[in-house]
Structures are given as C-alpha cells and as structure tokens.
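Per this note's numbering, the very first residue in the sequence shown carries number 1; after that it's consecutive.
Virtual Cβ for every residue (Gly too), placed ideally from N, Cα, C.
These notes concern the structure reproduced below.
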Amino acid sequence: MKLRTNLFDLWVYHKEDGIPKYLLFHTSQEKADKWFRGGRFWQIPGEFVGDDEEVIDAIKRCLKDLNLDYKSIWAAEHTYIVYNSRRKNMEIIPVFAAEVIKNEDVPITWEHSEWGWFTAEEALKRIKFRGLIEGLRWAREFISENSSPLMELRLD
Numbered sequence: 001m002k003l004r005t006n007l008f009d010l011w012v013y014h015k016e017d018g019i020p021k022y023l024l025f026h027t028s029q030e031k032a033d034k035w036f037r038g039g040r041f042w043q044i045p046g047e048f049v050g051d052d053e054e055v056i057d058a059i060k061r062c063l064k065d066l067n068l069d070y071k072s073i074w075a076a077e078h079t080y081i082v083y084n085s086r087r088k089n090m091e092i093i094p095v096f097a098a099e100v101i102k103n104e105d106v107p108i109t110w111e112h113s114e115w116g117w118f119t120a121e122e123a124l125k126r127i128k129f130r131g132l133i134e135g136l137r138w139a140r141e142f143i144s145e146n147s148s149p150l151m152e153l154r155l156d
C-alpha cells in the first residue's frame with residue numbers, strides 16, 4: 001500500500017445575491033460500475049498534482065478544464081485521510097476553494113452524468129462522504145461564507 005499526497009479537493013463556488021452556490025458533479029453509471037460497485041454519488045472537482053507542478057498551477061488547470069474563470073483561490077486549512085479502494089492507497093487530501101465567475105457551460109466527461117450549482121444546504125443533502133462534508137464546512141467557515149477571510153489563505 002502506498003501513501004499518496006499528490007491530489008486535492010476543490011470547492012468551486014460563485015455567489016448569487018451574496019449566497020455561495022457550489023459546483024457538484026454526479027457520477028455516471030459507467031464510472032460507478034467500473035470503479036465503485038455500481039454506487040453513484042455526488043462529488044466535487046479534484047485533480048492530481050503533476051510531479052514538477054505546484055498545487056496552485058494544478059488548481060488553475062482544473063478550473064480551465066471546467067471552462068471556469070476564477071476570482072480567487074484559497075487554502076481551506078483542512079485535509080483528510082482516506083483509504084481509496086479503487087487505487088488501493090492511503091490518500092492525504094488537502095481541501096481548497098475557488099470563487100469563480102458563474103458559467104452554465106461546464107463540460108462533463110464520461111465520468112459524470114450531470115452537474116449543478118447548489119447552495120450549501122442543497123449540497124449537504126447530496127454529498128455522503130465524510131471528507132466532502134467536512135471540507136465544505138471548513139470552506140464555508142473560513143472562505144466562502146466568511147465576510148473577512150484571512151488573506152494569508154489566499155493563494156492566487
């Protein structure tokens with residue numbers, strides 16, 4: 001078993017009338033059948049960091065792949081550890097947040113069947129994994145719903 005530290009979760013959000021809405025993707029049945037014993041779930045963007053790549057550059061690459069322009073990128077000061085049965089690794093996953101300009105043309109790949117922008121309460125009804133639930137809590141508290149987020153957490 002390996003310990004992987006080259007990946008991250010990214011809570012992507014935009015604000016409508018001052019209220020954050022978060023981007024979620026629903027896994028496709030094909031992805032669920034291939035890797036998750038048929039179980040489908042809602043998830044957030046995430047990515048691997050290349051060998052010679054800084055995490056901020058990987059975050060920007062992730063946002064570009066989603067056809068999203070960012071306003072700000074933040075460290076959420078939260079990490080979690082999971083055993084990933086698909087990759088048979090222990091993984092330490094740091095959590096980041098990015099405020100973006102809303103786009104209704106977010107591309108999806110074969111891995112997802114749908115996506116949407118959701119309030120925190122709507123997102124919490126959809127996400128099931130502890131790491132995502134806790135990551136959203138910290139992103140909200142320190143960044144997206146904080147009227148004065150610490151500038152020390154801003155990465156861009």
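Same chain, Cβ closer than 8 angstroms to residue i, neighbours up to 5 away in sequence not counted
| i | result |
| --- | --- |
| Ile19 | Thr119 |
| Trp138 | Ala76, Glu77, His78 and Val95 |
Cβ neighbour criterion (16 or more within 10 Å) applied to residue i
| i | result |
| --- | --- |
| Lys128 | exposed |
| Ile108 | exposed |
| Lys158 | There is no way to answer for residue 158, as the model of the chain reaches only from 1 to 156. |
| Phe8 | buried |
| Phe25 | buried |
| Leu66 | buried |
| Arg86 | exposed |
| Trp110 | exposed |
| Arg140 | buried |
Beta-carbon gap between residue i and residue j smaller than 8 angstroms
| i | j | result |
| --- | --- | --- |
| Ile143 | Ala58 | no |
| Glu134 | Tyr80 | yes |
| Asp17 | Ser72 | no |
Sequence-distant residues of the same chain with beta carbon closer than 6 angstroms to residue i, five excluded per side
| i | result |
| --- | --- |
| Gly38 | Ala32 |
| Met160 | Since the first residue shown for the chain is 1 and the last is 156, residue 160 is missing from the structure and cannot be characterised. |
| Arg40 | Thr27 and Ala32 |
| Leu132 | none |
| Glu91 | Arg4, Val82 and Asn84 |
| Trp42 | Leu24, His26, Arg126 and Ile127 |
| Asn6 | Phe48 and Val49 |
| Glu104 | none |
Integer Cβ distance of residue i from residue j, believed to fall under 8 angstroms
| i | j | result |
| --- | --- | --- |
| Val100 | Asp52 | About 26 angstroms; that fails the 8 angstroms criterion. |
| Ile44 | Leu10 | 6 angstroms |
| Phe48 | Trp74 | Wrong, their Cβ atoms sit about 20 angstroms apart, outside the cutoff. |
| Leu3 | Asn89 | 7 angstroms |
| Lys102 | His14 | 4 angstroms |
Residue i at chain D interface by Cβ criterion, 8 angstroms
| i | result |
| --- | --- |
| Thr5 | Within the model displayed, chain D is absent; a lone protein chain is all it includes. |
Sequence-distant residues of the same chain with beta carbon closer than 7 angstroms to residue i, five excluded per side
| i | result |
| --- | --- |
| Ala123 | Tyr22, Leu24 and Leu136 |
| Glu114 | His26 |
| Phe112 | The residue you asked about is not Phe; residue 112 is His in the sequence shown. Excluding positions up to five away in sequence, the list reads Phe25, His26, Thr27 and Ser28. |
| Glu145 | Pro20 |
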